[in-house]
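In what follows, a structure is listed as structure tokens, so that the remarks can point back to it.
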Amino acid sequence: MFNFDRGNFFSIKNLYNSNSIIETFSKNVIKKKISNIFDIFEVSSTNIQRKNSVYFLENEKKISKFDSTNILIITDQENLYSNYNFHNVVLVKNLNSTWNCVINNIYLHEDSLEYTDDFIFLNNSYISRYAKIHNTSKLFNNCVIGKGVEIGKNCILKNNVVIKNSLIKDNVIICDNSSIGTTGFGFDLEKRGSLNLNPQIGVVIIDDNVHIGSSCTIDRGKIDYTYIGKNSMIDNLVHIAHNVKIGQNACIAAQAGISGSVNIDNNVTIGGQAGLAGHISIGKNVIIAAKSGVTKNIKDNSVVAGFPAIDIKDWKRNIIKDRKNGH
């Protein structure tokens, strides 16, 4: 589990306390219980609970044991509001719109007109004054490195690479035209359009010895982080969505797409043009054949193919059966 200083990437726009923040989404409030007043500086998640924070609670499964004294819980579930001894809790009509309202009021993020950075033009690249790049790393032409970004030792960033909202460790190679730390695809299906985007205030963490090909995109986490494990190899034109966690020694071929909040364990191989649905888990040592569509969890040591992806031996039998039947 990694933690990071959110303030290095997203400045505080307005200061609120546990009572005044409710005014920003007052039209959405059904009822509230506030036991103590404290300043709000952060946002908690299921995995990382932070003091003096807001915690958006979607369902009972996401309740962990924690001291809720200095956490303001916001939920749209009546049973969660009524059945738990939370110190500070608000019941709202719509959790998604409340998230947008709260985060847009607290933070300056890059999908806001008010967001700013301060760049230096150095060696044909634009580098934020608030970024840190180790002197052993090399940038080619036309790179853009945003504020808060940290790049470790012996990294190579080729032409036109954009890195923002990211922590890059040692010996990482990122090839031409790739963008790291981009905005995740978070929105409400009932309220579409740029004005209704869910703000993304997490980061990307790329561990040691990772290779990322050309024209890849890796979205930052919504609250915490998207993570690429040590020694992973990512081919060209791969998209990795927000909150994805990829273990060590992954090998992902060209044009694969991984939806949000997928957990991929160590030593996984993913063939070209494969697609993974969101919120699933892929076990250790799994091989996913090219052009597969993975829609459910895959156990350790499995080899799968097809759409929906099944054990490759069953998939081959189905192919033979279909051919015998004239398909």
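My numbering puts the first residue of the sequence shown at 1, with every later residue one more than the last. No residue lacks a Cβ here, since even glycine has one placed at the ideal position from N, Cα and C.
May I have the straight-line CA-CA distance separating Y227 from I206, to the nearest angstrom?
Straight-line Cα distance between these residues: approximately 6 Å.
Per the contact definition of three or more C-beta pairs closer than 8 Å, is the stretch 133-142 in contact with the stretch 225-239?
The stretch 225-239 vs the stretch 133-142: no contact.
Please determine, among G181, G283, L57, the residue with the shortest C-alpha to C-alpha distance to S44.
Put simply, of G181, G283, L57 the residue whose alpha carbon is nearest the alpha carbon of S44 is L57.
Assign R6 to one of two classes, buried (16 or more other C-beta atoms within 10 Å of its C-beta) or exposed (fewer than that).
Residue environment for R6: buried (at least 16 other C-beta atoms within 10 angstroms of its C-beta).
According to DSSP, is D265 part of a helix, a strand, or is it coil?
D265: coil per DSSP, three-state reduction.
Segment limits, beta strand (DSSP E) that includes V303:
303-305 is the span of the beta strand (DSSP E), which, as asked, contains V303.
Tell me whether the stretch 80-88 and the stretch 97-106 touch, counting them as touching only if at least three CB pairs, one residue from each stretch, are closer than 8 Å.
No, the stretch 80-88 is not in contact with the stretch 97-106.
In angstroms, rounded to a whole number, what distance separates the CA positions of V303 and K284?
Looking at the two C-alpha atoms, the distance is approximately 11 Å.
For S53 versus I71, is the C-beta distance shorter than 7 Å?
Going by C-beta atoms, S53 is nearer than 7 Å to I71.
Hey, G293 and G275 are a contact pair by Cβ (cut 8 Å); roughly how many whole angstroms apart?
The distance from the Cβ of G293 to that of G275 is about 5 Å, consistent with a contact at the 8 Å cut-off.
Status (buried if at least 16 other CB within 10 Å, exposed otherwise) for T116:
Around the CB of T116, fewer than 16 other CB atoms lie within 10 Å, so the residue is classed as exposed.
Given a threshold of 16 other Cβ atoms within 10 Å of its Cβ, counted over all protein chains shown, does K27 qualify as buried or as exposed?
In this structure K27 is exposed. Its beta-carbon is surrounded by fewer than 16 other beta-carbon atoms within 10 angstroms.
Collapsed DSSP secondary structure at Y81 in the structure displayed
The answer is helix: DSSP assigns Y81 an H, G or I state.
Does DSSP put C101 in a helix, a strand or coil?
In the three-state reduction of the DSSP assignment, C101 falls in the helix class.
Where E58 sits in the DSSP three-state scheme
Three-state result, E58: coil.
Pairwise C-alpha distance: N94 and I282:
Approximately 31 Å, taken between the alpha carbons.
N88 vs S18 beta-carbon contact at 7 Å
In this structure, S18 lies closer than 7 Å to N88 by Cβ.
Under DSSP, the beta strand (DSSP E) around G181 begins and ends at which residues?
Counting along the chain, the beta strand (DSSP E) containing G181 begins and ends at 179-182.
Through-space distance from I127 to F121, alpha-carbon basis:
C-alpha of F121 to C-alpha of I127: approximately 6 Å in a straight line.
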